[in-house]
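Asker: Take this structure first; my questions come after.
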Amino acid sequence: MAIALTFFGGFRPHFIAAGALFFATMDVVALRAEVGNIGVPSQVLLVLPYVATLLVMIFAFRWARVPAFLGRNYDRESRTA
Numbered sequence: 004m005a006i007a008l009t010f011f012g013g014f015r016p017h018f019i020a021a022g023a024l025f026f027a028t029m030d031v032v033a034l035r036a037e038v039g040n041i042g043v044p045s046q047v048l049l050v051l052p053y054v055a056t057l058l059v060m061i062f063a064f065r066w067a068r069v070p071a072f073l074g075r076n077y078d079r080e081s082r083t084a
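According to the numbering used here, the sequence shown holds residues 4 to 84 in order.
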């Protein structure tokens with residue numbers, strides 16, 4: 004979920020916070036529905052946050068803005084003073 008949250012937020016803190024709120028809401032909805040006995044099997048409700056995570060990964064991957072420094076080795080000698 005943390006990887007999905009990072010892509011969802013596009014490496015921007017305010018979007019990551021909004022994504023964390025979304026994932027927490029999905030978890031609470033699943034728990035409330037389980038307690039409320041709405042007639043859906045509990046296994047389906049427990050999978051709900053993970054299905055939401057997969058959907059976010061599918062759609063947010065298109066808009067993910069990866070930082071240019073990601074994946075590069077840090078070389079202290081090549082820095083300019």
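Virtual Cβ for every residue (Gly too), placed ideally from N, Cα, C. From a predicted model like this one, the values you see are computed outputs, not experimental measurements.
1) Enumerate in chain order the residues of its own chain whose CB-to-CB distance from PHE1 is below 6 Å, with the five nearest sequence positions on each side excluded.
2) Under 8 Å, do LEU51 and ALA33 count as touching if we go by C-beta distance?
3) Near PHE66, what residues of its chain come up, given a Cβ to Cβ distance below 7 Å and the 5 sequence neighbours on each side ignored?
4) Please identify the residue among ALA5, MET4, ARG15 whose C-alpha is closest to the C-alpha of PRO70.
Answerer: Quick answer:
1) Here the chain comprises residues numbered 4 to 84, so residue 1 is not present and cannot be evaluated.
2) Taking 8 Å as the cut-off, the Cβ atoms of LEU51 and ALA33 count as close.
3) A quick correction: the sequence has Trp, not Phe, at residue 66. Excluding sequence neighbours, TRP66 sits near GLY13.
4) Ranked by Cα distance from PRO70, the first of ALA5, MET4, ARG15 is ARG15.
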